[in-house]
Amino acid sequence: MTLSQKIKVALVGNPNSGKTTLFNALTGLNQKVGNFPGITVDKKVGACQISQLASKNKVDTEFIDLPGTYSLYPKSVDESVTFQILCDSKNEHHPNVNIIIADASNLKRSLCLATQVIDLNTPCILALSMMDLITADGVEIDIDLLSDQLGILVVPINARKKIGIGNLKQAIIKVINDFEIPSCFVDIKNLAPELIGNIQNKLTLKSDYNAFQIACNYKTITGLSEKEKSHFEGLAKELKFNPKRSQATETVRRYKAIDKLIDACVKYPEFSKNNSLTQKLDNILTHPILGFGIFLAILFLIFQAVFSWSEYPMEIIDNAFAQLSQFVGNSLPQGALNSLIVDGIIAGLGGIVIFIPQIAFLFAFIAILEDTGYMSRVSFITDKLLRGFGLSGRSIIPLLSGAACAIPAVMSARTIPNWKERIITIMVVPLMSCAARLPVYTLLISMMIPADQKWLIFNLQGLTMMGFYLIGFVSAISIAWIMKYILKSKERGYFVMEMPTYKVPDWKTVGLTIFEKVKVFLIDAGKIIVAISIVLWVLSSYGPSDKFQEIEEKYQYSENAEVEIASEKLEASYAGIIGKSIEPVISPLGFDWRIGISLITSFAAREVFVGTMSTIYSVGDADNTKSIREKLMSHKNPNTGEAFFTPAVALSLMLFYAFAMQCMSTLAIVYRETNSWKWPIIQFIYMSLLAYLASFAAYQLLS
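Counting in the working numbering, the sequence shown runs from 11 upward without gaps.
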């Protein structure tokens, strides 16, 4: 290709190799996140321009961050995506250059994938990450000898500090201009010479190893026609080719060659500081008893911080929206447009924007735990516990990810190779309290418990929040235990995970994660909330004309009856009619028709509940200076005259949202991941029943 065209560069590497950090260093904020066509695997694409030193011309470069994999033998959907892109030249994302990120602190493991990609005979660069760790540990790597032995450019980098990034960009230009096919790292052709030769001729491939990979995986390669697949299948049977046995032989040969390479290129000190520190920390953090205690303590501190640190910025946002409502309300002429903007759009958005600080802090803590390497330890210490409930250590990542959002959490279950464990994990992940439930919990907890109330030295609001997250986890593993005996499978599960070394989190990566998650939350939730707020305002502001006329006539001789008129009109509106129709079903839970409307709208997304309540109570209240919390606390029970939102009602409502499947997007993802409506339907039914029964019991016992 010519450098006047856009260069496609793939970032390839093991999980936890520093691939994402490098992607962020290369692209910054100039990146997009989507899905690969037809599947729910994340696709991260970024762009930058590379200046050629000789001509000073700039080359447009597109980077694609491929899902992490340990080898080109796919065992999950994620790994299959990487395999398809690298081994199928017809794939739309097939790269011009591969940057293989190798963890220098664990070079042997990284070189297995690296040498496989090199043997595909496409232009490659080896980027050695974690160089600061091995330098501090006294490990020496002969870069020139390693480059000579592999036959490709090797560039040491520190993506966190942007060391070597410029050299890496120039290496892309150099490898495009001066690419020469290196000699095979492992001679693969003698494993199946006739089959490999036939595939090479049929598909005009230059690489023996690419042909070997197609021989092993032709059934799953989307770029092959059915005729080609049928031809290769017949040939493989005729030649009695056993792909698993051949792959095992190839892997043994590859690791023998890698051992020789490392012996020649790497010098290790007698005493390893980093490995010693990692071992000392693991003796504590992975202890069967102490490790659990530390994990719970970390969760406890996170929820304390989420509440206490976000209190001040939330107060600023709350006051800002109250002043904005008052300003807009006084600036615009009284009428339908004024009410739509103030009571509909501003009230709905204000009810969700206020929770951005808490969501930002929650995602920040999750990103930090992942980037330090601690999450791998959590998987290890929980494996034995979770196996008793039909899950595995791999299930803990989706479960903990569910504390942020159930959608990526369900998608992350693809890394679980065992079918039964994967289905059970998918079915129980939505029980984990996600960030969308956070606004509901925060609002109701703040109404139940004063901000300054403590238990010993701990904030009682934070303790209550942690309690609801623990309820989610306990209910998830309880349902998993039941499903363990319902689902039948002869497949045996296994858990293998290599622990990364501990490292200081990359704060830029953490910051980009927070920015991306908050942006998605605001844009995705914001669009839904604005749309629903407008629809709700219409339904809440209009109703059968004769009803509204009767209310006007009822109060025509009364002075200062604006609040009574607005309240009765809301009840007689179309929204009130809908809410009243379901009130008999939800009244045993302590809910009224207003809450009923919010339950219906929040099926679009759980966080819409707060925006809906804000809109509903704004339409029925002439005072635009009050926050949603103040409006709810001042609402009276029409039968008793006392406050409507008692602790019994608040707890009942929180339990309903703790268990209910109030998210259509999650149901859609479950359908996509299981390729069947059976599982999302079962999930919706059992979670709805669980929510109703828990809410019913709580309200009846406490009221």
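Even for Gly, the Cβ is constructed at its ideal location relative to N, Cα and C.
Residues near residue i by beta carbon distance below 7 Å, same chain, minus five either side
i	result
residue 392	403 and 406
residue 314	468, 469 and 472
residue 263	196
residue 482	441, 442, 443 and 668
residue 510	26, 383 and 386
residue 157	163 and 164
residue 246	205 and 225
CB of residue i within 9 Å of CB of residue j, strictly
i	j	result
residue 21	residue 75	yes
residue 363	residue 335	no
residue 80	residue 121	no
residue 28	residue 113	yes
residue 578	residue 561	yes
residue 360	residue 326	no
residue 162	residue 196	no
residue 432	residue 301	no
residue 228	residue 239	yes
residue 350	residue 517	no
residue 171	residue 382	no
residue 212	residue 241	yes
residue 348	residue 339	yes
residue 491	residue 400	yes
residue 552	residue 583	yes
residue 390	residue 296	yes
residue 395	residue 274	no
residue 377	residue 515	yes
Beta-carbon proximity list for residue i, same chain, < 8 Å, skipping 5 on both sides
i	result
residue 19	71, 72, 73, 74, 105, 106, 107, 108, 109 and 182
residue 318	469 and 472
residue 708	658, 661, 662 and 665
residue 50	Residue confidence is low: residue 50 scores 47 on pLDDT, short of 50, so the model does not pin down where it sits. No coordinate-derived value is stated.
residue 127	22, 82, 96, 108, 110 and 134
residue 232	94, 98 and 101
residue 696	489
Neighbourhood of residue i by C-beta, 6 Å cutoff - its chain only, sequence neighbours within 5 removed
i	result
residue 316	368, 371 and 372
residue 642	655
residue 175	35
residue 705	599, 662, 665 and 666
residue 89	79
residue 222	198 and 206
residue 700	669
Which listed residue (the options) has its alpha carbon closest to that of residue i
i	options	result
residue 713	693, 654 and 678	654
residue 409	426, 387, 442 and 399	442
residue 98	340, 528 and 235	235
residue 668	304, 589, 474 and 649	474
residue 36	180, 157 and 87	180
residue 83	291, 220, 167 and 643	220
residue 698	689, 686 and 670	670
residue 96	344, 601 and 130	130
residue 484	439, 589 and 145	439
residue 150	89, 178, 117 and 460	117
residue 603	589, 344, 462 and 620	589
residue 608	687, 703 and 450	450
residue 132	88, 87, 190 and 689	190
residue 169	192, 193, 143 and 158	143
residue 476	436, 455, 488 and 119	455
residue 357	435, 622 and 556	622
residue 253	273, 230, 243 and 225	225
Run of the beta strand (DSSP E) containing residue i, from where it starts to where it stops
i	result
residue 71	68-75
residue 18	17-23
Paired residues, beta bridge with residue i - DSSP
i	result
residue 166	138
residue 109	21 and 135
residue 58	71
residue 465	468
residue 224	Answer by DSSP bridge pairing: none, since residue 224 is not bridged.
residue 646	653
residue 150	277
residue 557	Bridge partners of residue 557: none, in fact.
Where the alpha helix (DSSP H) containing residue i begins and where it ends
i	result
residue 176	175-187
residue 119	117-128
residue 279	First-last for residue 279: undefined, no H or E at that position.
residue 654	No alpha helix (DSSP H) contains residue 654, which DSSP labels as neither H nor E.
residue 200	Neither: residue 200 is in no alpha helix (DSSP H) and is coded neither H nor E.
residue 688	688-712
residue 94	87-97
residue 344	Here residue 344 belongs to no alpha helix (DSSP H), and DSSP marks it neither H nor E.
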